[in-house]
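Novice: Protein chains in written order, with this note's numbering: chain A, 1492 to 1787; chain B, 1492 to 1787.
Here a beta-carbon is modelled for each residue, glycine too, at the ideal position from N, C-alpha and C.
See the structure below:
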């Protein structure tokens, strides 16, 4: 019997959401709407791909994924803050995200900036508060991993390069820089943090990294393709937004066909890399396969 | 001979700035201006009160303050990011800070938002990268302390309450909430983190905390007073800005005289609390005294 990926993703997403709810409930006790604003975007219907990748890496290593839920949630908080800030008028100026009004449309720009800052900050509070007795070095490694992947050399660097490239005729190197960092680094960290949490050796970690890097780039190319040929009702935001902003995309530089070929190649590389991992990699395979075929 | 506080502050500020320079030099290697934007505000002439408080707490505990420089710098990064975001058009809309154009006036709003995000994130990369072999638990405590003090229950919460209160007739409880959290929490954390770094016991930490909390509130009241009666050329921004934005301030609620009285009382409390500390507290005394008398 084949692995039921849809059911797996649904169940894991539900557990991630329950954990996010527990972790952020206290934010509603403040005498101002920051908690409401944080939670609005956290529960706006994301696919939870990053935290699920973390949990899947833990499981693959034979660990108890439930113990890693706070770690997975910290990554989702970083992802969510980046979406809130990216949507701001000064950035991509998006009114809708996943079919709902964006954070600043509901709470105003000031509160949206603060809600993003608060989610970013809280990710590190959560990571530094996880109970990992006797494994403090690994816990510090998780914090280093997440801060680096989401910082100026990682996700923020990719977004900065994206802003700089907008409306210009950029080259292939710039496109790759943007995609690797803006999306790739956090996806890679999601997998790596699961492996680190579960005690992977440096050699094992290297193998998870190859899988994750290929998957991360494939994921972003798929995003670019969906922005051209996707179904607006499925992706929850306007199709063609990248072209309207003159963003650098794979289809924009290589054309649609070559981008689809690249997507398949990278997914294949990710899958092949799993053969190097001695544990059962069914879940990681199924996720790569699912992401290749997704329509949103 | 009395302690030469001016010289002390000048020397420590110089060391903090040199450490900030070393820690952020690599940010200039990215193919986009994020590093330049981060460093623009980091080196825009701050007083470095927070990192100096950290170093002073380490010294008071008998530790080597030079080892704590990265910890002190992480706090200054958090402070700097908060200023960049507070100055944004959607927030306080300030064109000048410390006599220089604000970050978004130089780099544009998008890059200013990202530079703030990057400094926030890098603070945690720096804290998790400090070499504290055998003291990983203390290192994690430093990360918890900074994330909590600057998060939705701390500094960001204070700023959110401040935004909410603007233009409304708030009460005393709201004013205290704003001041305690917006400024107080990070100042308190600055002192506490120095004590934690130097291995303070819970009891010792409690005593440093009393000092820091009184100092933090006094510091903000002094800020409010200077916004009314200060010398624009010394404070580097327009006097009367709070009133123009209808911000809640101590002079606004209690009047100038009562605010000055409160300032003296709190400084006195901070000084008295130092008698409880068995170590030599000359430096912490001198800093409290200096802050009471500052004109900028």
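Take residue 1502/B and list the residues in its own chain whose beta-carbon comes closer than 8 Å to its own, dropping the five residues that flank it on each side.
Specialist: So the list is empty, once near-sequence residues are dropped.
Novice: Does the contact criterion of 3 or more C-beta pairs under 8 Å hold for the stretch 1632-1652 of chain B versus the stretch 1598-1617 of chain A?
Specialist: Touching, yes.
Novice: Taking 9 Å as the threshold (C-beta atoms), are residue 1549/A and residue 1686/A in contact?
Specialist: Result yes, Cβ atoms of residue 1686/A and residue 1549/A sit closer than 9 Å.
Novice: I'd like to know whether the C-beta atoms of residue 1711/B and residue 1785/B end up nearer to each other than 9 Å.
Specialist: Contact: no.
Novice: Residue 1495/B: buried (16+ other C-beta within 10 angstroms of its C-beta) or exposed?
Specialist: Answer is exposed; the Cβ neighbour count stays below 16.
Novice: Once the 5 residues before and after residue 1715/A are set aside, which same chain residues still bring their CB inside 6 Å of it?
Specialist: Contacts found: 1740, 1741 and 1742.
Novice: Of all the options 1627/B, 1546/B, 1536/B and 1735/B, which has the alpha carbon lying nearest to the alpha carbon of residue 1683/B?
Specialist: The shortest C-alpha separation from residue 1683/B is found at 1546/B.
Novice: Please confirm whether residue 1764/A has its beta-carbon closer than 9 Å to some beta-carbon of chain B.
Specialist: So no, residue 1764/A is outside the interface.
Novice: Would you verify that the beta carbon of residue 1547/A is, or is not, closer than 9 Å to some beta carbon of chain B?
Specialist: Cβ-Cβ to chain B under 9 Å: no for residue 1547/A.
Novice: Going by C-alpha distance, which of 1508/B, 1559/B and 1561/B is nearest residue 1535/B?
Specialist: The residue with the shortest Cα to Cα distance from residue 1535/B is 1508/B.
Novice: Is there contact here, the stretch 1612-1629 of chain B with the stretch 1763-1781 of chain B, by at least three beta-carbon pairs under 8 Å?
Specialist: Result no; under three Cβ-Cβ pairs closer than 8 Å.
Novice: So with CB distances below 7 Å, who are the chain A contacts of residue 1668/B?
Specialist: Simply 1522.
Novice: Span of the alpha helix (DSSP H) holding residue 1532/B?
Specialist: Start and end: 1525-1533.
Novice: Distance, Cα to Cα, residue 1755/B vs residue 1717/B?
Specialist: One C-alpha to the other measures close to 14 Å.
Novice: Return the CA-CA distance between residue 1531/A and residue 1594/A, expressed in angstroms with no decimal places.
Specialist: Distance between the alpha carbons of residue 1531/A and residue 1594/A is about 7 Å.
Novice: Along chain A, which residues have their Cβ under 8 Å away from the Cβ of residue 1613/B?
Specialist: Going along chain A in sequence order, the residues near residue 1613/B (Cβ under 8 Å) are 1638, 1642 and 1643.
Novice: Distance check for residue 1568/A and residue 1515/A, CA to CA, integer angstroms please.
Specialist: Distance between the alpha carbons of residue 1515/A and residue 1568/A: 10 Å.
Novice: Could you tell me whether the Cβ of residue 1602/B comes closer than 9 Å to any Cβ of chain A?
Specialist: Taking Cβ atoms only, chain A reaches closer than 9 Å to residue 1602/B, which makes this a yes.
Novice: Kindly indicate which three-state DSSP category residue 1683/A falls into: helix, strand or coil?
Specialist: Residue state, collapsed to three classes: helix.
Novice: What alpha helix (DSSP H) runs, 4 residues minimum, are completely inside the stretch 1690-1778 of chain B?
Specialist: Correct list: 1693-1720, 1723-1726, 1732-1735, 1741-1745 and 1747-1765.
Novice: Mind checking residue 1705/B: buried by the 16 CB within 10 Å criterion, or exposed?
Specialist: Residue 1705/B is buried by the Cβ-count criterion.
Novice: State buried or exposed for residue 1513/B, treating a residue as buried only when at least 16 other CB atoms are found within 10 Å of its CB.
Specialist: By the neighbour-count rule (16 or more Cβ atoms within 10 Å), residue 1513/B is not buried but exposed.
Novice: What does residue 1608/A touch in chain B if you count any residue whose Cβ is under 7 Å from its own?
Specialist: Within 7 Å Cβ-Cβ: 1576, 1611 and 1647.
Novice: Check whether the Cβ of residue 1720/A lies closer than 9 Å to any Cβ atom in chain B.
Specialist: No, residue 1720/A does not count as interfacial toward chain B.
Novice: Which one of 1497/A, 1539/A and 1498/A has the shortest CA to CA distance from residue 1677/A?
Specialist: The shortest Cα separation from residue 1677/A among 1497/A, 1539/A and 1498/A belongs to 1539/A.
Novice: Please confirm if the stretch 1634-1648 of chain B is in contact with the stretch 1556-1575 of chain B, defined as three or more CB-CB distances below 8 Å between the two stretches.
Specialist: Yes: at least three Cβ pairs fall under 8 Å.
Novice: Nearest to residue 1708/B by alpha carbon, out of 1738/B, 1757/B, 1735/B and 1553/B?
Specialist: Of 1738/B, 1757/B, 1735/B and 1553/B, the residue nearest in Cα terms is 1757/B.
Novice: Take the Cβ of residue 1695/A as the centre, count every other Cβ of all protein chains shown within 10 Å, and call the residue buried at 16 or more, exposed below.
Specialist: It counts as buried.
Novice: Quick one: what's got a C-beta closer than 7 Å to residue 1480/B's C-beta in the same chain, skipping five residues either side?
Specialist: In the structure as shown, chain B starts at 1492 and stops at 1787, and residue 1480/B therefore has no counterpart that could be examined.
Novice: By Cβ distance, which residues of its chain are closer than 7 Å to residue 1669/B, with the 5 residues on each side in sequence left out?
Specialist: Within the same chain, residue 1669/B has close Cβ partners 1649, 1652, 1653, 1656 and 1739.
Novice: Identify the residues that DSSP records as bridge partners of residue 1542/A: which are they?
Specialist: Per DSSP, none; premise fails for residue 1542/A.
Novice: Answer yes or no: does any C-beta atom of chain A fall closer than 9 Å to that of residue 1559/B?
Specialist: By this cut-off, residue 1559/B is not an interface position.
Novice: Please state the DSSP three-state secondary structure of residue 1598/B.
Specialist: The answer is helix: DSSP assigns residue 1598/B an H, G or I state.
Novice: At a CB-CB cut-off below 8 Å, which residues of chain B make contact with residue 1620/A?
Specialist: In chain order: 1635.
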